[in-house]
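Numbering (this note's numbering), first residue to last: 27 to 338. Just so it is clear, CB atoms sit at the ideal spot from N, CA and C, and this is done for glycine as well. Remarks on the structure that follows.
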């Protein structure tokens, strides 16, 4: 695959700044996490992984995977956003990946304000107190002791559709017992921060380095009438403050990088829920936090994704 040329190239028709683009980094499977980090370092936290599939004459049998070793780590951005990020993204990719291969294509014209409706449904999270994530286009009445989180998908990670988010929600249902001070690092859409508040946390600080995520998380808190309980700030782990419970749904590399500050932010006996890593990186992340005095107490799994609970 060749690198996409600039839209200023001869013969290329002009593209509106509002046109939605599919920007992909082509990588091998072993490079997926590095490609995700490339996007995160330029402020895009909602990239997705799309594997190439071997065409088969029939459905794969149980236990068989027809994915190839080739994948794309994709971000969907409007043309104006991509023009602002492009130079930094290409420089970062060259630094982190040996041979970064980019592709860029325009998405078909449609009403993208409502097109996401077809991809988002109710998400149910089992646990001591079940959680239900409800997109606004679906009516839903809670039953029993269900707690409903109203969430409008936006340009920030965290809708409950991804395994790492579901793992965090499941663990929050088990570990929030009421009255905790919670820190949600890399809050994205704010889904985990709002879940913690609904489960009974006394106060929640949600932080993210991406201004788009700060806006999205603030909107999620307002949608759920929790603006007074959930404080949203642009930034990372605050200095000098300690919390009873931390959530960090990031990537293995970022979790390792933040091990000193996240460990220091926990009260003695406090717990850290760390997610966004695959099974192959579990030992790396566990080693980083053990080096800072935390004990791995629990591992939750869904497919190849893992969420780890550490205790200070």
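Considering only their Cβ atoms, is the gap separating residue j from residue i smaller than 8 Å?
i: residue 200; j: residue 154; result: yes
i: residue 61; j: residue 123; result: yes
i: residue 288; j: residue 211; result: yes
i: residue 311; j: residue 284; result: no
i: residue 177; j: residue 202; result: no
i: residue 338; j: residue 294; result: yes
i: residue 326; j: residue 193; result: yes
i: residue 214; j: residue 307; result: no
i: residue 105; j: residue 68; result: no
i: residue 278; j: residue 303; result: yes
i: residue 247; j: residue 204; result: no
i: residue 174; j: residue 220; result: no
i: residue 206; j: residue 271; result: yes
i: residue 45; j: residue 132; result: yes
Give me the Cα-Cα distance between residue i and residue j, rounded to the nearest whole angstrom.
i: residue 197; j: residue 112; result: 37 Å
i: residue 149; j: residue 116; result: 35 Å
i: residue 331; j: residue 218; result: 17 Å
i: residue 90; j: residue 77; result: Note that residue 90 has pLDDT 40, beneath the 50 cutoff, so the model's placement of it is unreliable and no number is given.
i: residue 324; j: residue 118; result: 34 Å
i: residue 280; j: residue 166; result: 36 Å
i: residue 299; j: residue 253; result: 23 Å
i: residue 191; j: residue 320; result: 22 Å
i: residue 53; j: residue 96; result: 6 Å
i: residue 282; j: residue 229; result: 26 Å
i: residue 243; j: residue 161; result: 14 Å
i: residue 164; j: residue 179; result: 13 Å
i: residue 224; j: residue 171; result: 12 Å
i: residue 73; j: residue 188; result: 11 Å
i: residue 110; j: residue 146; result: 28 Å
i: residue 267; j: residue 297; result: 15 Å
i: residue 140; j: residue 290; result: Residue confidence is low: residue 140 scores 49 on pLDDT, short of 50, so the model does not pin down where it sits. No coordinate-derived value is stated.
i: residue 245; j: residue 63; result: 26 Å
i: residue 276; j: residue 66; result: 9 Å
i: residue 120; j: residue 57; result: 13 Å
i: residue 227; j: residue 269; result: 11 Å
i: residue 309; j: residue 169; result: 40 Å
i: residue 336; j: residue 251; result: 30 Å
i: residue 183; j: residue 265; result: 25 Å
Assign residue i to one of three DSSP states: helix, strand, or coil.
i: residue 137; result: Here the model assigns residue 137 a pLDDT of 49, short of 50, so the residue's position is not dependable and the matter cannot be decided.
i: residue 106; result: helix
i: residue 286; result: helix
i: residue 259; result: strand
i: residue 184; result: coil
i: residue 327; result: strand
i: residue 148; result: coil
i: residue 315; result: helix
i: residue 97; result: strand
i: residue 281; result: helix
i: residue 333; result: strand
i: residue 1; result: Coverage of the chain is limited to positions 27 through 338, which leaves residue 1 absent and any answer about it impossible.
Taking the alpha helix (DSSP H) that residue i belongs to, which residues open and close that run?
i: residue 64; result: 58-67
i: residue 294; result: Per DSSP, residue 294 belongs to no alpha helix (DSSP H); it is in the beta strand (DSSP E), 292-304.
i: residue 191; result: 189-201
Within the continuous beta strand (DSSP E) that includes residue i, where are the two ends?
i: residue 235; result: From DSSP, residue 235 is part of no beta strand (DSSP E); its letter is neither H nor E.
i: residue 50; result: 46-54
i: residue 208; result: 207-211
i: residue 160; result: 157-160
i: residue 223; result: Per DSSP, residue 223 belongs to no beta strand (DSSP E); it is in the alpha helix (DSSP H), 217-225.
i: residue 253; result: Counting along the chain, residue 253 falls outside any beta strand (DSSP E), and DSSP gives it neither H nor E.
i: residue 274; result: 269-275
i: residue 73; result: Neither: residue 73 is in no beta strand (DSSP E) and is coded neither H nor E.
i: residue 164; result: First-last for residue 164: undefined, no H or E at that position.
i: residue 123; result: That residue, residue 123, is in no beta strand (DSSP E); it is neither H nor E in DSSP.
i: residue 173; result: 173-176
Please confirm whether any heavy atom of the ligand ATP lies closer than 7 Å to the CB of residue i.
i: residue 261; result: With respect to the ligand ATP, the structure offers nothing, as it holds no ligand at all.
Stretch pair the stretch 120-130 + the stretch 46-59: three plus CB contacts closer than 8 Å: Yes, since at least three Cβ pairs between the stretch 120-130 and the stretch 46-59 fall closer than 8 Å, the two stretches touch.
Inter-stretch contact (C-beta, 8 Å, three-pair minimum) for the stretch 313-330 and the stretch 93-109: Between the stretch 313-330 and the stretch 93-109, the count of Cβ pairs shorter than 8 Å is below three; the stretches do not touch.
Three CB pairs or more closer than 8 Å across the stretch 260-276 and the stretch 223-243: Yes, they touch.
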